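Residue numbers (my numbering), protein chains in the order written: chain A, 2 to 293; chain B, 729 to 1041. For every residue, glycine included, the Cβ atom is placed at its ideal position computed from N, Cα and C. If you're wondering where the values come from, they're calculated on a predicted model, not measured in any experiment. The next block holds one structure in the form of structure tokens; read it before the comments.
Set out below in structure tokens:
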């Protein structure tokens, strides 16, 4: 019966699909058992593997088999991280990794005081996920180098200039005190002046001028009173900025020692997947036979 | 009824006998004193020396009936004791004892420091007892000594003020080091030979020494400042090994750590100085590294190493 035949065909088809899945999983299992990390990576993303490592143009159809292991990515990542971090340690000696939860890694830049949390390491995709803000600071800081400047140079200069002005205001206190005494004398003189009707306008103007000057001096006195507090606050701001510059400087030094310049560093990051998997080719002890 | 303690009840000869006894007592005290002085000045036995000094430290020479117009103060016996102790360890030439003309009063100079410092002891009048070793011009009390309680405490504040600040511009670091070594040796003899309890404080070169800083909960900005200053001087402040502080590797294997010594509860920030030979103290670091010195002095109100609070409270 046609119906029975259809049923049988359906069973065959399903058996085949299940067999494919079993095959995928058992290949994966064998790869793990043989410590064949390369094979595991290939199974995780065949399309990318053939494009970037094999450099074949053939468009392999996406078979979705990799989705079978989606929910054990943390475990796979934890497993694969061992060799990957070992490899990264040679090429990026300045990165430190912390597995904050199974299979998830934070990247720290350097081992200096208050080093920055620089992003995450995506083990499954062999990729750095750098923190955008931090990365941009580093990029800017490299760019500013040609002008012989650090990232915060101009900010620090502006704050320093402000502090200097405040200090001048404090230093000028005795001078202002003298001026005030003189102005008060003038004010006394002014009010003692015979105020002939034709002179009264002039005396009034003079009086107002003196009062204006006194008011201005009083304003400056008040600013001077607050100056120490503001200078202290500025010192704290400068400290934060200098600290950031110091950290960025260490980061730049590290990158230069390992890659000569920022462009080479970025190029290495871009080809990390292919470089790493190529390094694994033929290296693993019991390589599982490639199935095509 | 005859009461020996009430002169009005005594006969004339009884009174004279009493008077005579009191004078004999007073003279005997004087004789005891001269014996102790002989012992303090002449003995070559360190035990006898300490014994004489301990007895003289609170010796009352005068009695009701016999008084001595020419007397050194008790504090002066300490100076004598110190000189003799160094002499018995072949370091007698490192201090100079000076007596004033026409006055019974001693002062001391450290030979290497010369007239940049004049020292004496000041008797502590509270019931704690003991003496402070003091630089006369600045009044800085460098250490506290109590012979009776076998206690010796260095004072970080005074050592810093005198040697790291006041004498910094005029006396070379090497000279300061040699001078302070004399005080250090004196304390060491008391500890090693007589089991004194000694706090060497910032002079302690042992690696295990934790120098507690004044601000138990150190503001983070202070470590940041060292980070920036170190970078300017081509040193790098790194994260500490234990993860709750910072570390800086100086020259010749000297490593300074600054960290919170308490993993939970009340924080207690401390400094440590490590070197393989255990010869370098925090004081030495301050003498040798201008940027460390600047950092310490600029943040002294938070960073000053604590001294025994019961003595220098």
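Next item on the list: Please look up how many angstroms separate the CB atoms of residue 250/A and residue 151/A, rounded, as I've assumed it's under 8 Å.
Entry: The residue labelled residue 250/A in the question sits at position 249 within the first chain. The residue labelled residue 151/A in the question sits at position 150 within the first chain. So it is a contact: roughly 7 Å between Cβ atoms.
Check: With a cut-off of 8 Å, does the C-beta of residue 1020/B fall near any C-beta of chain A?
Finding: The residue labelled residue 1020/B in the question sits at position 292 within the second chain. No, residue 1020/B lies away from the interface with chain A (no Cβ there is under 8 Å from its Cβ).
Margin query: By the three-class DSSP mapping on this structure, what secondary structure does residue 78/A have?
Written below: Residue mapping note: residue 78/A aligns to position 77 of the first chain, counting from 1. Residue 78/A falls in the helix class under three-state DSSP.
Checklist line | Cα-Cα separation between residue 96/A and residue 218/A, rounded to whole angstroms | finding: Residue numbering aside, residue 96/A sits at position 95 when the first chain is read from its first letter. Residue numbering aside, residue 218/A sits at position 217 when the first chain is read from its first letter. Rounded to whole angstroms, residue 96/A to residue 218/A spans 56 Å at the Cα level.
Margin query: Spatial neighbours of residue 945/B within its chain, please: C-beta separation below 6 Å, excluding the five flanking residues on both sides.
Written below: As a first step, residue 945/B must be located in the second chain, where it is residue number 217. Within the same chain, residue 945/B has close Cβ partners 995.
Note to self: Quick check: the Cα distance between residue 979/B and residue 229/A, rounded to an integer number of angstroms?
What the structure shows: Reading the second chain from its first residue, position 251 is the one you call residue 979/B. Reading the first chain from its first residue, position 228 is the one you call residue 229/A. So the alpha carbons of these two residues sit roughly 37 Å apart.
Check: Under the three-state reduction of DSSP, which class applies to residue 1011/B: helix, strand or coil?
Finding: Here residue 1011/B refers to the residue found at position 283 of the second chain. Secondary structure at residue 1011/B: helix, using DSSP grouped into helix, strand and coil.
Note to self: residue 118/A and residue 132/A - do their beta-carbons sit closer together than 8 Å?
What the structure shows: Along the first chain, read from residue 1 onward, the residue named residue 132/A stands at position 131. Along the first chain, read from residue 1 onward, the residue named residue 118/A stands at position 117. The answer is yes: Cβ separation under 8 Å.
Item checked: Within 7 Å of chain A by C-beta, residues of the stretch 950-982 of chain B in sequence order -> 951, 952, 953, 955, 956, 959, 964, 965, 966, 967 and 974
Checklist line | Beta-carbon contacts of residue 879/B that lie in its chain and below 6 Å, excluding the five residues immediately before and after | finding: Sequence index remark: in the second chain, residue 879/B carries index 151 (1-based). The answer, listed in chain order, is 925.
Margin query: Can you confirm whether residue 116/A, when its beta carbon is compared against all beta carbons of chain B, has any partner nearer than 8 Å?
Written below: Within the first chain, the letter at position 115 stands for residue 116/A. Cβ-Cβ to chain B under 8 Å: yes for residue 116/A.
Note to self: I'd like the ranges of any alpha helix (DSSP H) spanning at least 4 consecutive residues and lying wholly in the stretch 750-805 of chain B.
What the structure shows: 774-785
Checklist line | Completely contained beta strand (DSSP E) runs for the stretch 818-858 of chain B, where each covers 3 or more residues | finding: Counting whole runs of 3 or more residues, the stretch 818-858 of chain B contains the beta strand (DSSP E) stretches 823-827, 834-838 and 847-851.
Check: In the structure shown, what three-state DSSP assignment does residue 289/A receive?
Finding: Along the first chain, one-based indexing puts residue 289/A at 288. Because residue 289/A carries a pLDDT of 48, less than 50, the predicted location of this residue cannot be relied on, and no value is offered for it.
Notebook entry, point to check: Under a CB-based cut-off of 8 Å, is residue 247/A close to chain B?
Noted result: Along the first chain, one-based indexing puts residue 247/A at 246. Output row for residue 247/A: interface = yes.
Notebook entry, point to check: DSSP on residue 949/B, reduced to helix/strand/coil?
Noted result: Taking the second chain and counting its residues from 1, the one referred to as residue 949/B is at position 221. It is helical.
Note to self: When you compare the CB of residue 240/A with every CB in chain B, is at least one pair closer than 8 Å?
What the structure shows: Residue 240/A sits at position 239 when you count from the first residue of the first chain. Yes, because at least one Cβ of chain B sits closer than 8 Å to the Cβ of residue 240/A.
Check: Would the beta-carbon of residue 207/A fall within 8 Å of that of residue 191/A?
Finding: Counting from 1 along the first chain, the entry for residue 207/A is found at position 206. Counting from 1 along the first chain, the entry for residue 191/A is found at position 190. Cβ distance < 8 Å, so residue 207/A and residue 191/A count as in contact.
Note to self: If the criterion is Cβ atoms closer than 8 Å, does the pair residue 982/B and residue 951/B meet it?
What the structure shows: As a first step, residue 982/B is located in the second chain; it is residue number 254 there, counting from the start. As a first step, residue 951/B is located in the second chain; it is residue number 223 there, counting from the start. Not closer than 8 Å, so no.
Margin query: Could you tell me the alpha carbon to alpha carbon distance between residue 40/A and residue 24/A, rounded to whole angstroms?
Written below: Position 39 of the first chain, counting from 1, holds the residue named residue 40/A. Position 23 of the first chain, counting from 1, holds the residue named residue 24/A. Taking the straight line joining both Cα atoms gives about 14 Å.
Check: Would a check of beta-carbon distances place residue 153/A closer than 8 Å to chain B?
Finding: Counted from its first residue, the first chain places residue 153/A at position 152. No, residue 153/A does not count as interfacial toward chain B.
Checklist line | CB of residue 277/A within 8 Å of CB of residue 53/A, strictly | finding: Position 276 of the first chain, counted from the first residue, corresponds to residue 277/A. Position 52 of the first chain, counted from the first residue, corresponds to residue 53/A. Going by C-beta atoms, residue 277/A is not nearer than 8 Å to residue 53/A.
Next item on the list: With a cut-off of 8 Å on the beta carbons, I'd call residue 247/A and residue 955/B a contact; round off their distance for me.
Entry: Sequence index remark: in the first chain, residue 247/A carries index 246 (1-based). Sequence index remark: in the second chain, residue 955/B carries index 227 (1-based). Correct: roughly 6 Å between the Cβ atoms.
Notebook entry, point to check: How many angstroms separate the CA atom of residue 967/B from the CA atom of residue 976/B?
Noted result: To locate residue 967/B, count along the second chain from 1; it is residue 239. To locate residue 976/B, count along the second chain from 1; it is residue 248. In a straight line, the C-alpha of residue 967/B is about 9 Å away from that of residue 976/B.
Next item on the list: Please list, in chain order, all residues of the same chain as residue 105/A whose beta carbon is under 8 Å from its beta carbon, the five residues on each side excluded.
Entry: In the first chain, the residue the question calls residue 105/A occupies position 104. Contacts found: 75, 78 and 121.
Notebook entry, point to check: What is the C-beta distance between residue 721/B and residue 892/B, in whole angstroms, given that I count them as a contact (C-beta under 8 Å)?
Noted result: Nothing can be reported for residue 721/B, as the shown portion of chain B is limited to 729 through 1041.
Note to self: Can you tell me where the beta strand (DSSP E) holding residue 109/A begins and where it ends?
What the structure shows: Numbered from its first residue, the first chain carries residue 109/A at position 108. Where residue 109/A is concerned, the enclosing beta strand (DSSP E) stretches over 105-110.
Item checked: Straight-line Cα distance separating residue 986/B from residue 129/A -> In the first chain, counting from the first residue as 1, residue 129/A sits at position 128. In the second chain, counting from the first residue as 1, residue 986/B sits at position 258. Using only the alpha carbons, I get a separation of about 33 Å.
Check: Taking residue 157/A as the reference, which of 127/A, 64/A, 214/A and 242/A has the closest Cα?
Finding: The count along the first chain starts at 1 and reaches residue 157/A at position 156. The residue with the shortest Cα to Cα distance from residue 157/A is 242/A.
Item checked: For residue 976/B, the first and last residue of its enclosing alpha helix (DSSP H) -> The residue labelled residue 976/B in the question sits at position 248 within the second chain. Element bounds for residue 976/B: not the alpha helix (DSSP H) but the beta strand (DSSP E), 973-977.
Checklist line | Through-space distance from residue 1022/B to residue 86/A, alpha-carbon basis | finding: As a first step, residue 86/A must be located in the first chain, where it is residue number 85. As a first step, residue 1022/B must be located in the second chain, where it is residue number 294. About 41 Å.
Next item on the list: Output the distance between the C-alpha atoms of residue 928/B and residue 939/B, rounded to the nearest integer angstrom.
Entry: Against the second chain, residue 928/B aligns to sequence position 200. Against the second chain, residue 939/B aligns to sequence position 211. Taking the straight line from one Cα to the other gives about 10 Å.
Note to self: Quick check on the burial criterion: 16 or more other C-beta atoms within 10 angstroms. Buried or exposed for residue 245/A?
What the structure shows: By one-based count along the first chain, residue 245/A stands at place 244. Answer is buried; the Cβ neighbour count reaches 16.
Note to self: Taking 8 Å as the threshold (beta carbon to beta carbon), is residue 156/A in contact with chain B?
What the structure shows: As a working note, residue 156/A is residue 155 in the first chain. Among the residues facing chain B, residue 156/A is not included, as its CB has no counterpart in that chain under 8 Å away.
Checklist line | Min CB distance residue 172/A to chain B below 8 Å | finding: Within the first chain, the letter at position 171 stands for residue 172/A. No, because no Cβ of chain B sits closer than 8 Å to the Cβ of residue 172/A.
Next item on the list: Using 10 angstroms around the beta-carbon of residue 27/A, count the other beta-carbons present and answer buried if the total reaches 16, otherwise exposed.
Entry: Stepping through the first chain from its first residue, residue 27/A is reached at position 26. Exposed, since its Cβ has fewer than 16 Cβ neighbours within 10 Å.
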